[in-house]
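Asker:
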Amino acid sequence: MFAVGRILNCPRSVRQSWSIAEVIFTPSRCRLFHQCVTSLQKTECDKLIAIGACSHCSPNAIHPLLLSEPLTLHVALTIAGSDPSGGAGLQADLKTFHAHRVYGTSVVTLLTVQNTQTVDAIEQMNPEFVLAQLDAVLNDIPPTAAKTGALGSAAMIDAVAARASSFSFPLVVDPVMISKHRVPLLDDASIDVLRRELLPHAFLVTPNRMEAARLANIDVDDLESMQTAAQMIHQLGATNVLVKGGQVGSESVDWLFTENEFHRIGGERIDTRNTHGTGCVLSAAITASLAQNMPLVEAVEQAKLYVVNAIRTAPNLGKGYGPVNL
Numbered sequence: 032m033f034a035v036g037r038i039l040n041c042p043r044s045v046r047q048s049w050s051i052a053e054v055i056f057t058p059s060r061c062r063l064f065h066q067c068v069t070s071l072q073k074t075e076c077d078k079l080i081a082i083g084a085c086s087h088c089s090p091n092a093i094h095p096l097l098l099s100e101p102l103t104l105h106v107a108l109t110i111a112g113s114d115p116s117g118g119a120g121l122q123a124d125l126k127t128f129h130a131h132r133v134y135g136t137s138v139v140t141l142l143t144v145q146n147t148q149t150v151d152a153i154e155q156m157n158p159e160f161v162l163a164q165l166d167a168v169l170n171d172i173p174p175t176a177a178k179t180g181a182l183g184s185a186a187m188i189d190a191v192a193a194r195a196s197s198f199s200f201p202l203v204v205d206p207v208m209i210s211k212h213r214v215p216l217l218d219d220a221s222i223d224v225l226r227r228e229l230l231p232h233a234f235l236v237t238p239n240r241m242e243a244a245r246l247a248n249i250d251v252d253d254l255e256s257m258q259t260a261a262q263m264i265h266q267l268g269a270t271n272v273l274v275k276g277g278q279v280g281s282e283s284v285d286w287l288f289t290e291n292e293f294h295r296i297g298g299e300r301i302d303t304r305n306t307h308g309t310g311c312v313l314s315a316a317i318t319a320s321l322a323q324n325m326p327l328v329e330a331v332e333q334a335k336l337y338v339v340n341a342i343r344t345a346p347n348l349g350k351g352y353g354p355v356n357l
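Its first residue numbered 32, the sequence shown is counted upward by one per residue in this note's numbering.
(1) Which two residues bound the contiguous alpha helix (DSSP H) that contains Asn340?
(2) Within the stretch 199-249, note down every full beta strand (DSSP E) run reaching 3 residues or more, in order along the chain.
(3) Round the Cβ separation of Thr309 and Val338 to the nearest angstrom and send it over; I've been treating them as touching at under 8 Å.
(4) Excluding five sequence neighbours on each side, which residues of the same chain lie with their C-beta closer than 7 Å to the C-beta of Ser314?
(5) Using the rule of at least 16 other Cβ atoms within 10 Å of the residue's Cβ for burial, across every protein chain shown, is Lys211 buried or exposed?
(6) Assess contact between the stretch 186-195 and the stretch 159-177, defined as three or more Cβ pairs (one per stretch) separated by less than 8 Å. Is contact present?
(7) Between the stretch 326-333 and the stretch 133-147, can you find at least three pairs of beta-carbon atoms closer than 8 Å?
(8) Indicate the three-state DSSP secondary structure (helix, strand or coil) for Asn356 in the structure shown.
(9) Nearest CA to the CA of Phe200: which residue from Leu216, His232 and Met187?
(10) Verify whether the separation of the beta carbon atoms of Ala322 and His129 is less than 9 Å.
(11) Along the chain, where does the alpha helix (DSSP H) containing Gly308 start, and where does it finish?
(12) If you reduce the DSSP assignment to three classes, tell me which class Arg295 lands in.
(13) What do you reckon, are the CB atoms on Trp286 and Gly280 nearer than 9 Å?
(14) DSSP three-state label for Gly120, please.
(15) Would you report the Cα separation of Val328 and Leu267, rounded to the nearest angstrom?
(16) Are His265 and Phe234 closer than 9 Å when you measure CB to CB?
(17) Tell me which residue opens and which closes the alpha helix (DSSP H) that Ile153 is part of.
(18) Using the DSSP secondary-structure output, state which residues sit across from Val133 in a beta bridge.
(19) How is Ala52 classed by DSSP in three states: helix, strand or coil?
(20) Contact criterion: CB-CB distance below 9 Å. Does Val207 meet it with respect to chain C?
(21) Taking the alpha-carbon of Ile172 as reference, which of Ser137, Arg227 and Asp114 has the nearest alpha-carbon?
(22) Identify whether Asn271 lies in helix, strand or coil by the three-state DSSP scheme.
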């Protein structure tokens, strides 16, 4: 359902057009909203902006029509690998930032040859070149939050961690270790470096059950062991820990451990192959909300809702693990 919509700074009365549009807003697809945008533009209002939320958009999404004044945006940075199919990696991160009304910047750590079916090749970037990218962004368009995705090697993790030690904004670490196609992205030595060097700089780390097991060196196969792993990862230096991937019946359950307190983050579990990039999208959505100064628990809850809706409305692209709807 489309939430309450409103028109700001409009010098003319467009209530009639807006009322017509509100009827069309009822279906929960952004596509229909953009059709409404076209009809609203016919009012020839030179200061028109529509604000609203539907089951797919971020609650604070803004869809500009005709803006006559600059729009102030927060900035989020992703330090991650590239996915040419657009479903994961920095491409998914940037789409998610945009959907949350955040300006996205990116640093490329590795290139991949992949699609929804397979990962055929990985080309690691030189850590010095990655740091040059990072410095270029930080010195010109500093973010208010950042995330890491696939880093690919111990040398890359060590280099990024060295810069992260001076970050004045929250860093979300998505400890990507294996692709959706079961292709390893980090070896044991690299995981040790991530655990030792990068986690102490993480405001939040977002492992799935397999990644949590590797970081905590324990078996993680139920809700109780997820909590244990979260506490152990916190002891490695991460300020907050979100362990993903629990299941209770038809519910997907994640545990957020923060300030010695557990928060149960539940959501609908959808049986589908269209899950490519869901971990990237979740951490990017959290990062976008943190960039806008949203409290952590609320940011995680909103991100979970966003991902569930993105899975539910996935466009069924590709022949393998399809991307979600961003």
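Positions of the beta carbon are idealized from the N, C-alpha and C atoms, including for glycine.
Answerer: Put simply:
(1) Indexing the sequence shown from 1 puts residue 340 at position 309. Segment Leu327 to Arg343, the alpha helix (DSSP H) holding Asn340.
(2) 202-204
(3) Mapped onto the sequence shown, residue 309 falls at position 278. Mapped onto the sequence shown, residue 338 falls at position 307. At roughly 6 Å, the Cβ-Cβ gap stays under 8 Å, so Thr309 and Val338 are in contact.
(4) In the sequence shown, residue 314 corresponds to position 283, counting from 1. So the qualifying residues of the chain are Lys178, Val203, Asp205 and Thr237.
(5) Taking the first residue of the sequence shown as 1, we reach residue 211 at position 180. So Lys211 ends up on the buried side.
(6) yes
(7) no
(8) Walking along the sequence shown from the start, residue 356 turns up at place 325. In this structure, Asn356 counts as coil in the three-state DSSP scheme.
(9) Counting from one through the sequence shown, the residue named residue 200 turns up at place 169. Minimum Cα distance to Phe200 is reached at His232.
(10) Stepping through the sequence shown from its first residue, residue 322 is reached at position 291. Stepping through the sequence shown from its first residue, residue 129 is reached at position 98. No, Cβ-Cβ distance for Ala322 and His129 is not below 9 Å.
(11) Here residue 308 corresponds to residue number 277 of the sequence shown, with the count starting at 1. From DSSP, Gly308 is part of no alpha helix (DSSP H); its letter is neither H nor E.
(12) The residue you call residue 295 lines up with position 264 of the sequence shown. Strand.
(13) Taking the sequence shown and counting its residues from 1, the one referred to as residue 286 is at position 255. Taking the sequence shown and counting its residues from 1, the one referred to as residue 280 is at position 249. Contact flag unset, no.
(14) For the purposes of this step, residue 120 is taken as the residue at position 89 of the sequence shown. If DSSP states are grouped into helix, strand and coil, Gly120 belongs with the helices.
(15) Position 297 of the sequence shown, counted from the start, is the residue given in the question as residue 328. Position 236 of the sequence shown, counted from the start, is the residue given in the question as residue 267. Straight-line Cα distance between these residues: approximately 21 Å.
(16) In the sequence shown, counting from the first residue as 1, residue 265 sits at position 234. In the sequence shown, counting from the first residue as 1, residue 234 sits at position 203. Against a cut-off of 9 Å, the Cβ pair of Phe234 and His265 comes out as no contact.
(17) Translated into the one-based positions of the sequence shown, residue 153 becomes position 122. Where Ile153 is concerned, there is no enclosing alpha helix (DSSP H), although the beta strand (DSSP E) it sits in stretches over Val150 to Gln155.
(18) Along the sequence shown, one-based indexing puts residue 133 at 102. Partner(s): His105.
(19) For the purposes of this step, residue 52 is taken as residue 21 along the sequence shown, with counting starting at 1. Confidence in Ala52 is poor, its pLDDT being 37 and thus under 50, which makes the residue's placement unreliable; the coordinate value appears in the next sentence. It is helical.
(20) Among the chains of the structure shown, chain C does not appear; only one protein chain is present.
(21) Looking up residue 172 in the sequence shown gives position 141. The candidate whose alpha carbon is nearest that of Ile172 is Ser137.
(22) Counted from its first residue, the sequence shown places residue 271 at position 240. Looking at Asn271 - three-state DSSP - the assignment turns out to be strand.
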